[in-house]
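Comments concern the structure below.
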DNA sequence: AGGCATGCATAAATCGATTTTGGTTGCATT
DNA sequence: AATGCAACCAAAATCGATTTATGCATGCCT
């Protein structure tokens, strides 16, 4: 209840406390930070007085001296057209939602960096001592730029061919693929096609591997298409058109990029075919896009809340230089079954 | 393409540039910031050299000296149970998505502040010079705390009974209410109930006013219930139960809090009634919750992307002290019709 | 008594910029 | 030639903390 008597915005400096306590600035600093040699009684008295005065250290001064920013950034590397649209950076925002909590628990502020192209210049205007990058492509510009500045970086999802291996949280892309493909098989799919992005992301590599292993073990045909992430829904749609024309027998499409998957559904329906009766469709990220698609898309629960917290913790350890951990594996992905892959009655 | 030759993490100081250019630190500072009296040729040469060396000013030093943080916070005041759950802070995150872009355009970093109760202590560990608060309740702790620190604050949605009026972006709560109620009427509703939260938020005030005006003009009964935001879905459900029991004739419920609306739908269905045939349900925020409800909820497009950008701009003006603008009105809300209020065939 | 730790507190240096103040120079005016 | 006035540049103060180096008692030991 002690009504703080200060009106001026945090005008108090360490000198004021020192004067009030009748000691030097040094002693105040030592007392408050539990450092140096200070008589326990003096220490307590100083703390008391600082408390009463409502003293708060000036963060900017502290940072200049200590060289720490106490803040980290969350960076998306997806092109805007995929990230934007109806879900407006859904993936990143879902991560941000739990990451900000985890960050604040560590005493770190979380700053958001949108996937602007122009962001490059602004990226090193940021006073941060670490960054979490979401699914970086190989040789991601943001990543190298940050690392050159000496900012610690960890990624959610492994970076392919990283110049120097980035510590990362494993998203278990192979397992994710396996789960989706197996589900499609259980729903009766005999010819499943894979539609992935052109950029060198690790989740595609994993997905492709899972796909090849899967169809290889079953003597199914290998049908893989690629589309530009930047093309968003329409790129997915276009790729779907090409797929259906060149491989009429397709009865399922696995499109890990949600924007592509929505495009696929639209194209299928536009051709007078039905989802899921004629073509089953599944995607990876279970976000707004997947859920508000008609029919809603079967997807995977990646447990992004836990993943984000793990990422923050890992980054924190690396910033404080007290870890060699370079891979952290999160919870197993779980299937979220929706109407896009399951026929209304029976299977 | 000029490959930056520096490897050490931004070790260069203004002194290095000064030495290289053969001038004083002062002149370098003046030259780079287009300040003071410097020979245009010197100025250009200094800039050139700084560029070549890859000099970047130390942000912490700059901030200590200038007293500006160049960052702002986005603060949610909703209790976690409403904000969390399946949509995981949907409203806040949607705002964050566009706000971060707008912020970076102004050269501001956007930091996220989760609705932790414990956040109070951490809130003034943040080095920010402004904050956007989302729909603050009257006498919101965060708001007063920030203002006392001298941090500029603007809100998205007006703060009720603000001690000193907060500049805000008008969410047009009255208009939102009118749109929803009119839609329900058009769908044949004769007895619409209103379910709002107990906390003193302006959107409730507006909504209630719109409701009273609406039913008053039509000789419909006034049926208003309130539930604790902190109770989330189950509170909404409980309130719905009470409503249906005390007013059996209800044929529509307007529940602006999406968590409440979902609770309402569940309760209605649990009682063997149908949505929308027996009870029409509408909500305000068109987020994940509204869309993944079964049936999906009719809601309102608040144009949060534009709203957020307006908020950032307004805050920016206030930080730079060059505005008296205290209210900014965004785009008109628009109805998003979904199955929760429209019967499958005919109306 | 001389010598040596030891405990406590302070003065001064430091972080890297910006801003204030002051001092040269060159040129025009009387 | 003396004065004034810009224009240009630099030294030093400043921002508010942390860290280092130093000083001064006091107590203990031989």
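Residue numbers (the numbering used here), protein chains in the order written: chain A, 25 to 371; chain B, 25 to 371. Idealized CB from N, CA, C, for every residue including glycine. What you are looking at is a predicted structure, and each value in this text was computed from that prediction instead of being measured.
Figure out for me which residue from the options has the closest Cα to the Cα of residue i.
i: residue 215 of chain B; options: B:196, B:240, B:273, B:204; result: B:273
i: residue 213 of chain B; options: B:244, B:194, B:91, B:183; result: B:244
i: residue 164 of chain B; options: B:360, B:226, B:44; result: B:226
i: residue 95 of chain B; options: B:238, B:85, B:134; result: B:134
i: residue 368 of chain A; options: A:298, A:335, A:311; result: A:298
i: residue 35 of chain A; options: B:291, B:172, B:221; result: B:172
i: residue 355 of chain A; options: A:326, A:211, A:190; result: A:326
i: residue 362 of chain B; options: B:200, B:233, B:314, B:254; result: B:314
i: residue 294 of chain A; options: A:73, A:345, A:318; result: A:318
i: residue 305 of chain A; options: A:256, A:209, A:233, A:126; result: A:209
i: residue 150 of chain A; options: A:281, A:324, A:97; result: A:97
i: residue 79 of chain B; options: B:56, B:231, B:62, B:229; result: B:56
i: residue 46 of chain A; options: A:269, A:58, A:67; result: A:67
i: residue 154 of chain B; options: B:337, B:364, B:359, B:360; result: B:337
i: residue 289 of chain A; options: A:263, A:130, A:311, A:271; result: A:263
i: residue 200 of chain A; options: A:322, A:291, A:152, A:73; result: A:322
i: residue 233 of chain B; options: B:242, B:254, B:221, B:202; result: B:202
i: residue 162 of chain B; options: B:229, B:292, B:211; result: B:229
Which residue or residues does DSSP assign as beta-bridge partners of residue i?
i: residue 307 of chain A; result: Answer by DSSP bridge pairing: none, since residue 307 of chain A is not bridged.
i: residue 47 of chain A; result: For residue 47 of chain A, which the question treats as bridged, DSSP gives no partner whatsoever.
i: residue 71 of chain B; result: None; residue 71 of chain B has no bridge partner.
i: residue 133 of chain B; result: B:95
i: residue 157 of chain B; result: B:99, B:179
i: residue 358 of chain B; result: B:325
i: residue 277 of chain A; result: A:217, A:305
i: residue 378 of chain A; result: Since the displayed chain A opens at 25 and closes at 371, residue 378 of chain A lies outside it and no answer follows.
Rounded to whole angstroms, what is the Cα-Cα separation between residue i and residue j?
i: residue 223 of chain A; j: residue 91 of chain A; result: 36 Å
i: residue 101 of chain B; j: residue 185 of chain B; result: 16 Å
i: residue 71 of chain B; j: residue 261 of chain A; result: 49 Å
i: residue 357 of chain A; j: residue 52 of chain B; result: 55 Å
i: residue 353 of chain A; j: residue 350 of chain B; result: 49 Å
i: residue 146 of chain A; j: residue 83 of chain B; result: 12 Å
i: residue 345 of chain B; j: residue 120 of chain B; result: 24 Å
i: residue 109 of chain A; j: residue 191 of chain B; result: Residue placement at residue 109 of chain A is flagged as unreliable, the pLDDT there being 49, under the threshold of 50; the coordinate-derived value follows with that caveat. Approximately 30 Å, taken between the alpha carbons.
i: residue 40 of chain B; j: residue 85 of chain B; result: 15 Å
i: residue 320 of chain B; j: residue 38 of chain B; result: 59 Å
i: residue 366 of chain A; j: residue 178 of chain B; result: 48 Å
i: residue 49 of chain B; j: residue 69 of chain B; result: 14 Å
i: residue 348 of chain B; j: residue 189 of chain B; result: 12 Å
i: residue 42 of chain A; j: residue 61 of chain A; result: 16 Å
i: residue 182 of chain B; j: residue 118 of chain A; result: 27 Å
i: residue 131 of chain A; j: residue 114 of chain B; result: 24 Å
i: residue 395 of chain B; j: residue 296 of chain A; result: Past the edges of chain B, shown from 25 to 371, lies residue 395 of chain B, and the structure says nothing about it.
i: residue 193 of chain B; j: residue 330 of chain B; result: 10 Å
Span of the beta strand (DSSP E) holding residue i?
i: residue 264 of chain B; result: Element bounds for residue 264 of chain B: not the beta strand (DSSP E) but the alpha helix (DSSP H), 256 to 270.
i: residue 192 of chain B; result: 192 to 194
i: residue 250 of chain B; result: 248 to 251
i: residue 325 of chain A; result: 322 to 325
So the alpha helix (DSSP H) residue i belongs to, where does it begin and stop?
i: residue 286 of chain A; result: 282 to 294
i: residue 240 of chain A; result: 226 to 240
i: residue 167 of chain B; result: 165 to 172
i: residue 150 of chain A; result: Neither: residue 150 of chain A is in no alpha helix (DSSP H) and is coded neither H nor E.
i: residue 162 of chain A; result: Careful: residue 162 of chain A lies outside any alpha helix (DSSP H) and carries neither H nor E.
i: residue 316 of chain A; result: 312 to 316
i: residue 85 of chain B; result: 83 to 90
query = When Cβ atoms are compared, which residues of the stretch 68 to 90 of chain A fall closer than 8 Å to chain B?
reply = 80, 82, 83, 84, 85, 87, 88
query = What residues from the stretch 244 to 266 of chain B come within 8 Å of chain A, judged by C-beta to C-beta, listed N to C?
reply = none
task = Could you please tell me which residues of the stretch 303 to 317 of chain A, in chain order, have their CB closer than 7 Å to any CB of chain B?
result = 312, 315, 316
task = Mind checking the stretch 280 to 296 of chain B against chain A and listing, in chain order, the residues whose C-beta falls within less than 8 Å of any C-beta there?
result = none
Cβ-based contacts, 8 Å cut-off: residues of the stretch 152 to 174 of chain B near chain A = 172, 173, 174
key: Members of the stretch 328 to 343 of chain B near chain A, C-beta cut-off 8 Å   = 329
ask   = Using a beta-carbon distance cut-off of less than 7 Å, what residues from the stretch 352 to 368 of chain B approach chain A?
value = none
ask   = Can you list, in chain order, the residues of the stretch 188 to 218 of chain B whose Cβ is nearer than 9 Å to any Cβ on chain A?
value = none
key: Cβ-based contacts, 7 Å cut-off: residues of the stretch 35 to 54 of chain B near chain A   = none
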